[in-house]
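J.: Here it is: the structure, laid out below.
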Amino acid sequence: MSSENTDQRKTERSSKILREKMKFSQGKIKRIFVIKLQDNEKLPEVIENFASEQKINCAICLLIGGIGSGKLVSGPEKPDKFPINPILESITGTSEILGVGTIFPDEKNFPRLHMHAATGRRKKTLTGCIRPGICVWKIAEFIIIELEGLKGKRKKDKKAGFSVLEI
């Protein structure tokens, strides 16, 4: 048997294993919203409420702008201890922010934003998952790319201690 055939078999086996672990749902773009957030508006609340009013269930989200304060989760204290105890980092001083995330409904069908962001002030950068209470400084631009035809819901993972996307 040639090495080319052996490599192809390994690739097929790896792909099959990956498909058994990976779950996916296919959809398409429905609507796009560009939102100008104002001074002191709070994330994720303002976006989740907007999504609820607009009946957005699934979306890709982008954020750029300024923030005055808030917190990010920058990982677990101990990765192998459950439930997970998150490391909370405070954003100190007005900072730039760049974020990407998704919106999916929770168990009560309320749209929930899951966003990871990088913030920066001078030479200090902080990266993590945004927590409620991120306060916009002056302006921030938020883009929501609504998706349709997807199946997904954020459900509480009792072992981890937080909600995760179930497909």
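Numbered according to this note's numbering, the sequence shown spans residues 801 to 967.
Built from N, CA and C at the ideal position, the CB exists for glycine as well.
Thinking L863 and A917 are a contact (beta carbons under 8 angstroms), I'd like their distance in whole angstroms, please.
T.: So it is a contact: roughly 7 angstroms between Cβ atoms.
J.: Give the DSSP-derived three-state secondary structure of S825 in the structure shown.
T.: Looking at S825 - three-state DSSP - the assignment turns out to be coil, as it is neither helix nor strand.
J.: Would you say the region 956 to 965 touches the region 846 to 861, given that touching needs at least three Cβ pairs under 8 angstroms?
T.: Flag = no, the region 956 to 965 and the region 846 to 861 do not touch.
J.: Quick check on I884: does DSSP put it in helix, strand or coil?
T.: Of the three classes helix, strand and coil, the one that applies to I884 here is coil, per DSSP.
J.: Could you check which residue in V936, N909, C861 and P883 has the C-alpha nearest to that of T894?
T.: Nearest option by C-alpha distance: V936.
J.: In this structure, what does DSSP give as the bridge partners for R931?
T.: DSSP, once it has assigned bridges, lists no residue as partnering R931.
J.: Counting C-beta neighbours from all protein chains within 10 Å, is the total for L888 16 or more, i.e. buried, or is it exposed?
T.: So L888 counts as exposed.
J.: Which same chain residues end up closer than 7 angstroms to G901 when comparing Cβ atoms and leaving out the 5 residues on each side of it in sequence?
T.: Once the five neighbours on either side are set aside, the close Cβ partners of G901 are C861, L913, H914, M915 and H916.
J.: Might you give, ordered along the chain, the residues of its own chain that have their beta carbon closer than 6 angstroms to the beta carbon of I835, omitting 5 neighbours on each side?
T.: Result list for I835: F942, in chain order.
J.: Going straight from the alpha carbon of I945 to that of V846, what length do you get?
T.: Computed Cα separation, rounded: 16 angstroms.
J.: Put E896 into one of helix, strand or coil per three-state DSSP.
T.: Note: E896 maps to strand in three-state DSSP.
J.: Just grab the DSSP bridge partners of A940 for me.
T.: Looking at the DSSP assignment, A940 forms a beta bridge with L837 and G865.
J.: Helix, strand or coil for I860? Go by DSSP, reduced to three states.
T.: Looking at I860 - three-state DSSP - the assignment turns out to be strand.
J.: Pull up the DSSP beta-bridge partners for V964, would you.
T.: Answer by DSSP bridge pairing, in chain order: K955.
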